[in-house]
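Numbering (the working numbering), first residue to last: 5 to 434.
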Amino acid sequence: MELKKYDNYKDSGIEWIGEIPEHWEVKRLKHIVETVKTGSTPPSEEIQYFEPKEINWFGPGDFDNLILEDSKRKISQLAINENKCKLFPAHSILLIGIGATVGKIGIVSEACSSNQQINAIILKNEYIPKFYMYFLSTIKDIIVMEASSATLPIFNQTQTNNLLLTIPSLDEQTTIANYLDQKTTQIDQLINKKKRFIELLQEERTAVINQAVTKGLNPTVKMKDSGIEWLGEIPEHWEVKKIKYICDLINVRATEKPEYVLALENITNWTGEIIGNPFENKMEGDAILFETNDILFNKLRPYLAKVVKTSRDGGCVGELLVLRAKNDVSPDFLYQRLISEMIITIVDNSTYGSKMPRASWDKFISNIYVGVPPISEQIAIADYIKDKASEIVKLIEKSQQEIELLKEYKTALISEVVTGKVDVRDVALN
């Protein structure tokens with residue numbers, strides 16, 4: 005249903021808002037608040053301020069949604085009683101005022117606290133917090149522009165108090181907030197369904213790879229026991245080999261910085277795509293040289309599954325193993341074998357070091373047993389996986405695009421409604 009406009013408009017006097025309904029007002033935030041408070045952090049060594057975990061204590065990392073329900077860290081009632089933290093009332097609007105995510109907004113349904121990166125906006129009783137939560141969520145870009153940034157962005161209490169806002173009547177604020185609650189919930193439900201669909205597609209992709217590289221493509225082929233517990237049965241004509249017998253570890257160090265350098269952050273998890281610009285990477289230490297069709301396998305935090313088949317010559321950081329398929333092994337099959345969930349899980353379970361877990365090539369990875377088909381079958385399996393994965397990736401990309409469109413629609417709808425570009429007073433809600 006197309007939303008109608010108000011009958012009469014006037015200039016708001018604010019360039020980015022433009023015209024507003026004739027009966028609306030514009031005021032600065034300081035004229036509609038009881039107060040704006042900034043949070044604080046108790047002494048970290050004083051455990052009694054953090055145990056028992058009784059009160060939500062929000063930080064920027066908690067701002068995943070407009071509705072803030074549960075903080076990652078909490079404080080005790082003692083922290084409030086001894087004035088180590090401030091207690092903000094239910095329905096406070098929280099605004100990130102410091103850091104990379106400055107301008108993000110959320111609202112709380114119960115009393116809470118926050119760290120010093122957060123400003124809490126507490127409105128007077130005649131204003132509806134939900135309406136202004138929605139309004140403030142539309143001006144993040146303006147807050148970012150106005151934030152001072154000598155070293156990191158800061159949007160202080162004075163700047164917060166001077167924000168310009170639209171002021172509909174109390175009844176209208178309530179109507180608009182209720183309308184946006186329902187519509188944004190519907191949009192979020194659609195987004196969540198598409199996210200779940202993407203998860204299912206990713207699971208299907210993983211299953212396709214695991215099935216093909218361990219059982220082959222012929223469902224009627226005669227099977228045999230591999231003799232390896234985790235590998236189970238494999239096609240009768242396949243061999244069982246250690247990884248070191250199907251590829252070589254390459255450790256040729258560059259004497260000068262290669263033109264093309266791959267770092268961990270250039271490789272996507274699980275999909276082996278190259279992101280960023282490897283031509284601009286700075287290199288600390290000697291790069292390890294690789295050639296086209298080599299496989300790079302991440303030995304640092306292997307659970308991230310950063311594995312890629314190279315499409316050109318270059319160099320890489322030392323946290324990547326450079327593996328080269330032997331003559332009777334397809335590089336594409338080797339890549340699909342190493343990116344399979346089973347191999348990633350096994351390697352990850354072998355890591356040492358708690359802060360920077362690594363896997364060892366000599367002591368573990370090289371000695372993992374895998375099923376190896378003849379080269380012609382390796383190529384067929386790799387081609388099959390590539391085709392199936394391509395179909396799945398297209399569906400994932402389509403769903404991701406649809407999610408972005410829904411997010412854009414949600415943002416535009418909120419902005420249109422809270423600035424009075426459309427009239428929702430007579431819209432029937434379910």
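Just so you know, even glycine gets a beta-carbon here, dropped at the ideal spot from N, CA and C.
With 16 as the cutoff for other CB atoms within 10 Å, does residue i come out buried or exposed?
| i | result |
| --- | --- |
| proline 223 | exposed |
| phenylalanine 62 | buried |
| proline 335 | buried |
| glycine 17 | exposed |
| methionine 137 | buried |
| tyrosine 413 | exposed |
| asparagine 302 | buried |
| leucine 174 | exposed |
| proline 56 | exposed |
| aspartate 145 | exposed |
| glutamate 73 | exposed |
| lysine 390 | exposed |
| tryptophan 242 | buried |
| alanine 94 | exposed |
| glutamate 49 | exposed |
| glutamate 448 | Here the chain covers residues 5 to 434 and nothing more, so residue 448 does not appear. |
For residue i, which beta-bridge partners are listed by DSSP?
| i | result |
| --- | --- |
| methionine 227 | Pro239 |
| glutamate 29 | Ile171 |
| leucine 98 | Gly110, Ala124 |
| valine 326 | Ile254, Leu300 |
| glutamate 23 | Asp15 |
| leucine 72 | Val112 |
| serine 118 | Phe62 |
| serine 152 | Ile158 |
| lysine 313 | Ile299 |
| arginine 362 | Leu304, Tyr356 |
| cysteine 320 | Leu266, Ile292 |
| phenylalanine 92 | Cys116 |
Near residue i, what residues of its chain come up, given a Cβ to Cβ distance below 7 Å and the 5 sequence neighbours on each side ignored?
| i | result |
| --- | --- |
| phenylalanine 139 | Leu169, Thr170, Val422 |
| lysine 228 | Glu237, Ile238, Glu240 |
| phenylalanine 283 | Glu263, Tyr264 |
| glycine 280 | Glu269, Asn270 |
| aspartate 15 | Glu23 |
| alanine 2 | This structure gives no information on residue 2, because the portion of the chain shown stretches from 5 to 434. |
| arginine 305 | Pro361 |
| glycine 322 | Gly289, Ile292 |
| isoleucine 247 | Ile369, Ser370, Ile372, Val374 |
Can you look up residue i in the DSSP assignment and give me helix, strand or coil?
| i | result |
| --- | --- |
| proline 64 | helix |
| threonine 42 | strand |
| proline 268 | It is leucine, not proline, that sits at residue 268 in the sequence shown. Reduced to three states, the DSSP call for leucine 268 is helix. |
| isoleucine 418 | helix |
| valine 244 | strand |
| serine 403 | helix |
| lysine 78 | strand |
| phenylalanine 159 | coil |
| isoleucine 3 | A query on residue 3 cannot be resolved here, the shown segment of the chain reaching from 5 to 434 and no further. |
| tyrosine 373 | strand |
| serine 4 | Nothing about residue 4 can be reported from this structure: the residues present for the chain run from 5 to 434 only. |
| isoleucine 232 | coil |
| isoleucine 278 | strand |
| valine 37 | strand |
| threonine 178 | helix |
| methionine 137 | helix |
| proline 335 | helix |
What distance in whole Å lies between the Cβ atoms of residue j and residue i, which are believed to be in contact at a cut-off of 8 Å?
| i | j | result |
| --- | --- | --- |
| leucine 99 | isoleucine 125 | 6 Å |
| isoleucine 400 | leucine 268 | Not quite, the Cβ-Cβ distance comes to about 22 Å (not below 8 Å), so this is no contact. |
| tyrosine 339 | valine 374 | 13 Å between Cβ atoms; not a contact. |
| leucine 266 | cysteine 320 | 4 Å |
| serine 80 | phenylalanine 54 | 6 Å |
| proline 46 | glycine 103 | Going by Cβ atoms, the distance from proline 46 to glycine 103 rounds to 19 Å, so no, they are not a contact pair. |
| phenylalanine 67 | lysine 108 | 5 Å |
| cysteine 116 | isoleucine 71 | That belief does not hold up - the Cβ atoms of cysteine 116 and isoleucine 71 are roughly 12 Å apart, past 8 Å. |
| methionine 360 | asparagine 214 | Actually they are not in contact, since the Cβ atoms of methionine 360 and asparagine 214 sit about 28 Å apart, beyond 8 Å. |
| proline 354 | phenylalanine 368 | According to the sequence as given, residue 354 is serine; it is not proline. At roughly 4 Å, the Cβ-Cβ gap stays under 8 Å, so serine 354 and phenylalanine 368 are in contact. |
| leucine 308 | asparagine 285 | Not a contact, Cβ separation roughly 18 Å. |
| isoleucine 36 | lysine 199 | Not quite, the Cβ-Cβ distance comes to about 36 Å (not below 8 Å), so this is no contact. |
| leucine 473 | isoleucine 191 | This structure does not reach residue 473, given that the chain is present from 5 up to 434, and the question cannot be answered. |
Sorted by chain position, which residues of the same chain lie with C-beta nearer than 8 Å to residue i's C-beta, five sequence neighbours on each side aside?
| i | result |
| --- | --- |
| asparagine 255 | Ile292, Val326 |
| lysine 261 | Met287, Ala291, Gly319 |
| valine 428 | Leu7, Thr179, Ile180, Tyr183, Val421 |
| glutamate 38 | Ile126, Leu127, Lys128 |
| threonine 218 | Leu235, Gly236, Ile238, Ser344, Met346, Gly375 |
| glycine 65 | Lys76 |
Check the Cβ-Cβ distances between residue i and every residue of chain B, and say whether any is below 8 Å.
| i | result |
| --- | --- |
| serine 315 | In summary, chain B is missing from the structure at hand, where a single protein chain is found. |
Leaving out five residues before and five after residue i in sequence, what residues of the same chain have Cβ atoms less than 6 Å from its Cβ?
| i | result |
| --- | --- |
| alanine 181 | Ile132, Lys134, Phe135 |
| asparagine 12 | Glu26 |
| lysine 34 | Asn165 |
| asparagine 119 | Gly43, Thr45, Gly63 |
| alanine 329 | Cys251, Pro335, Leu338 |
| isoleucine 21 | Thr423 |
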